[in-house]
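Undergrad: Numbering that gives the first Met the number 0 numbers the first residue of the sequence shown as 0 and each following residue consecutively. This is the structure, below, for whatever I ask next.
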Amino acid sequence: MNEKVLVARQLPEKFINQIKEYAEVDVWNSELEPMPREAFLERSQDATIVITTLSEQIDEEFFNNATRIKGVVNLAVGFDNIDVKLAEEKGVVVTNTPEVLTETTAELGFTLMLTAARRIVEAVQYVHNGEWKSWGPYLLAGKDVHGSTVGIYGMGSIGEAFARRLKGFNCKVLYHNRSRKEEAEQQLNVEYRTMDELLNESDFVVCTAPLTPETKGIFNRETFKKMKNSAILINIGRGGHIVESDLIEAIEQQEILGAALDVVENEPISDDHPFLKMDQVIVVPHIGSSSIATRDKMVQLCVDNAKQIMSKQDPITPVKL
Ligand code: DGY
């Protein structure tokens, strides 16, 4: 039987052709519609490797079904869609796409921070709606980023890339991480804070952490109460970091000023989600790493990881617990 790579999302032909050089390829035929679970399970039954996105849950049901599987190659740096411990027990290699997306993702986070601070979405709508009648002393007046205190929750490589950008804005940069990052403290002039201190002191709180059982729901009623009433929360981590009903309440009660989110708990967001009616909340559709160059690098890394696994070599970017 031939070795098969199942690709759970349509990818550019130039990458698929590379896989064809070392295996049979089965590619789902849509870029935007995820594979229905049933089709994914059925088509992974005889697969040696699956190239997945965050839409595919890799769990016990998957492993019981995909009995020939040797590798799960995730097209993302995050891997909260994968039961990595179970994969390890089953001897299945898991890979992700770290580093290649760091700068692009930090850039999107920065864009969200500036966009929220300067009320850019409201401003564009104002002009589109024909409401612009004159210059006004406080027309759509926002919040300065320069000189502000920014608290980064999660000081991995994306957190560090974010901190580097803040230097040019003369910001005071605080961070909270599960462990101290002394090198980053020295090189980037960032200061460690407990979570409570970070929430208390920051004008902008930026979540760049991975989603784990420890970080799930970290932004909730209690934590919002500890933030400044004028603070803005930026999330480029995962939707699961925020208890959304608590965020809505915190903004309505003016406990915090607003939020800018690349991710929400259930993606895609539903048309009737309260966030979509709130001027103080900006939502973009999980595009953190979405520049053409970076997406190309992520896909190439997946293709290379798959090739390594197929030829029983060490993968380039294995996920380790
Ligand atoms: C990532 O790489 O984890 C992005 O959020 C895409 O899933």
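Don't be surprised by glycine CBs; every beta carbon is placed ideally from N, CA and C.
Considering only residues of the region 170-255, which uninterrupted alpha helix (DSSP H) runs meet the minimum length of 4 residues and lie entirely inside it, listed in chain order?
TA: Taking only runs of at least 4 residues, the alpha helix (DSSP H) segments lying wholly in the region 170-255 are 181-187, 194-200, 220-225, 243-251.
Undergrad: What residues in its chain sit with their C-beta under 6 Å from that of G70, if we drop five residues either side in the sequence?
TA: Within the sequence shown, the letter at position 71 stands for residue 70. Cβ neighbours of G70 beyond the five flanking positions: I48, V92, I308.
Undergrad: Please name the residue, chosen from L74, F61, I15, L31, that lies closest to T316 on a Cα-to-Cα basis.
TA: As a working mapping, residue 316 is identified with position 317 in the sequence shown. With distances taken between Cα atoms, T316 lies closest to L74.
Undergrad: So, using beta-carbon positions, are E221 and E243 closer together than 8 Å?
TA: Numbered from 1 along the sequence shown, position 222 holds the residue referred to as residue 221. Numbered from 1 along the sequence shown, position 244 holds the residue referred to as residue 243. No, the Cβ-Cβ distance between E221 and E243 is not below 8 Å.
Undergrad: Just to check my reading of the structure: S147 and C170 have Cβ atoms closer than 8 Å, yes? What is that Cβ distance to the nearest angstrom?
TA: Translated into the one-based positions of the sequence shown, residue 147 becomes position 148. Translated into the one-based positions of the sequence shown, residue 170 becomes position 171. Yes, S147 and C170 are in contact; Cβ-Cβ is about 6 Å, under 8 Å.
Undergrad: May I ask which residues mark the beginning and end of the alpha helix (DSSP H) holding V302?
TA: Start at 1 with the first residue of the sequence shown, and residue 302 comes out as number 303. Per DSSP, V302 belongs to the alpha helix (DSSP H) from 291-309.
Undergrad: First and last residue of the alpha helix (DSSP H) that includes Y152?
TA: Locating residue 152 in the sequence shown gives position 153, where the first residue counts as 1. Where Y152 is concerned, there is no enclosing alpha helix (DSSP H), although the beta strand (DSSP E) it sits in stretches over 148-152.
Undergrad: State buried or exposed for L31, treating a residue as buried only when at least 16 other CB atoms are found within 10 Å of its CB.
TA: Start at 1 with the first residue of the sequence shown, and residue 31 comes out as number 32. Exposed, since its Cβ has fewer than 16 Cβ neighbours within 10 Å.
Undergrad: Please state whether DSSP places T51 in a helix, a strand or coil.
TA: Taking the first residue of the sequence shown as position 1, residue 51 is located at position 52. In this structure, T51 counts as strand in the three-state DSSP scheme.
Undergrad: Going by other Cβ atoms of all chains shown within 10 Å of its Cβ, with 16 needed for buried, is Q279 buried or exposed?
TA: The sequence position of residue 279 within the sequence shown is 280, counting from 1. Under this definition Q279 is a buried residue.
Undergrad: Please confirm if the region 223-237 is in contact with the region 97-117, defined as three or more CB-CB distances below 8 Å between the two stretches.
TA: Touching, yes.
Undergrad: For P179, count neighbouring C-beta atoms within 10 Å of its own C-beta (all shown protein chains included) and say buried if the count is 16 or more, exposed if not.
TA: Taking the first residue of the sequence shown as 1, we reach residue 179 at position 180. Sequence check: residue 179 is Arg here, not Pro. Label assigned to R179: exposed.
Undergrad: Mind pulling the beta strand (DSSP E) runs of 3 or more residues that sit fully within the region 81-123?
TA: Within the region 81-123, the complete beta strand (DSSP E) runs of at least 3 residues are 92-94.
Undergrad: Using the C-alpha atoms, what's the distance from I231 back to G167?
TA: Here residue 167 refers to the residue found at position 168 when the sequence shown is read from its first residue. Here residue 231 refers to the residue found at position 232 when the sequence shown is read from its first residue. Distance between the alpha carbons of G167 and I231: 20 Å.
Undergrad: Count the other CB atoms, across all protein chains shown, that sit within 10 Å of the CB of W27; report buried if there are 16 or more and exposed otherwise.
TA: Against the sequence shown, residue 27 aligns to sequence position 28. Looking at its Cβ environment, which holds 16 or more other Cβ atoms inside 10 Å, W27 is buried.
Undergrad: Would you call V99 buried or exposed, if buried means 16 or more other Cβ atoms sit within 10 Å of its Cβ?
TA: In the sequence shown, residue 99 corresponds to position 100, counting from 1. So V99 ends up on the buried side.
Undergrad: May I ask whether a heavy atom of the ligand DGY can be found less than 7 Å away from the beta carbon of H272?
TA: Taking the first residue of the sequence shown as position 1, residue 272 is located at position 273. No, since every heavy atom of the ligand DGY falls outside the 7 Å radius drawn around the Cβ of H272.
Undergrad: Taking the alpha helix (DSSP H) that A160 falls in, what are its first and last residues?
TA: Along the sequence shown, one-based indexing puts residue 160 at 161. Run containing A160: 156-166, per the alpha helix (DSSP H) assignment.
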